[in-house]
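A short write-up of the structure that comes next.
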DNA sequence: AATATATATTCCCATATGGGAATATGTCAA
DNA sequence: TTGACATATTCCCATATGGGAATATATATT
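Residue numbers (my numbering), protein chains in the order written: chain C, 2 to 116; chain U, 2 to 116.
What follows is the structure, given as structure tokens:
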């Protein structure tokens, strides 16, 4: 097997930094493709291809307005990513904090149980 | 140019679901490679290769214990990902909810505080 | 209809996989 | 030293890019 498709899920889709930039641009307001091309300095076909990937995983929504296609970020689709990362928050506190907590709470059932 | 290397950054490294599973396993405690192989049902070389990628972007830390290599997740490295996704939180609330909140709570401190 | 404008798609190509198989490396035990 | 155990690395291969160039599609304008 080879690497998973960029359109297989949100995690793969945002692996590309250009696509993350596009999502940032389209988060606060919808914009036509041409604006993205101008703002990021990419080739138009390149932007269209990235948008296609983002659309396939529902990270952006589109609507037509005359000859323009107006894209905007579907922030809701980024949530799973945020939630996944949030699961690690409890572990990224500084060591000192963790040691302190452990000392203060000795006797308490294992915080860090098996599995 | 082709697709970016999985070791180019955290975003590319976690694009692979197997690697995300490994990070979850190693978040609460360090474990030898063999345990990961058994728990995820993957081939040993495959696990070693995934661990190599995770190491290259500092998503895991290692120490040797006899012939075993004990790996554990470096949660701190997942933070950039979480932070990036957090930037979109303000946009993923439902419209109705947002409108309602705005109407009811003008002036009230944020329910959904920072972090 | 003919032309211009805005996007999308297709083709080609160098590159980076991820899995399987085989092999190398490192460490402990007898 | 020899053998067993635990990991890591290398090779091979099918697949999926992402960028550039060329082309197709859709819509507005005259």
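Ideal Cβ placement from N, Cα and C applies to all residues, glycine included.
Suppose you measure from the CA of residue 70 of chain C to the CA of residue 33 of chain C; what does that come to, to the nearest Å? Per the coordinates, the alpha-carbon of residue 70 of chain C lies some 5 Å from the alpha-carbon of residue 33 of chain C.
Identity of the residue in C:31, C:66 and C:72 nearest residue 49 of chain C by Cα: Closest option to residue 49 of chain C, Cα to Cα, is C:72.
Straight-line Cα distance separating residue 23 of chain C from residue 37 of chain C: One C-alpha to the other measures close to 7 Å.
I need the boundaries of the alpha helix (DSSP H) containing residue 36 of chain C, first residue and last residue. Looking at the DSSP string, the run of the alpha helix (DSSP H) that includes residue 36 of chain C is 34-41.
Give the secondary structure of residue 86 of chain C by DSSP, where H, G and I count as helix, E and B as strand, and everything else as coil. Helix at residue 86 of chain C.
Paired residues, beta bridge with residue 71 of chain C - DSSP: According to the DSSP secondary-structure assignment, residue 71 of chain C is paired through a beta bridge with C:33 and C:64.
Looking at the structure shown, is residue 80 of chain U part of a helix, part of a strand, or coil, going by DSSP? In the three-state reduction of the DSSP assignment, residue 80 of chain U falls in the helix class, which pools H, G and I.
In terms of residue numbering, what span does the alpha helix (DSSP H) encompassing residue 47 of chain U cover? Taken as a continuous stretch (DSSP letters only), the alpha helix (DSSP H) holding residue 47 of chain U covers 45-57.
Is the CB of residue 17 of chain U under 9 Å away from at least one CB in chain C? At a cut-off of 9 Å between beta carbons, residue 17 of chain U contacts chain C.
Take residue 18 of chain C and list the residues in its own chain whose beta-carbon comes closer than 8 Å to its own, dropping the five residues that flank it on each side. Counting only Cβ-Cβ distances below 8 Å, and skipping sequence neighbours, we find nothing.
Output yes or no for whether 9 Å exceeds the beta carbon distance between residue 86 of chain C and residue 28 of chain C. No, they are not a contact pair.
Measuring only the C-alpha atoms, how far is residue 21 of chain U from residue 31 of chain C? For residue 21 of chain U and residue 31 of chain C, the distance between alpha carbons rounds to 32 Å.
Helix or strand or just coil, what does DSSP make of residue 14 of chain C? In the structure shown, residue 14 of chain C adopts helical secondary structure according to DSSP, grouped into three states.
Going along chain C, which residues have a C-beta under 8 Å from residue 83 of chain U? Near residue 83 of chain U (Cβ distances below 8 Å), the residues of chain C are 83, 86, 87, 89 and 90.
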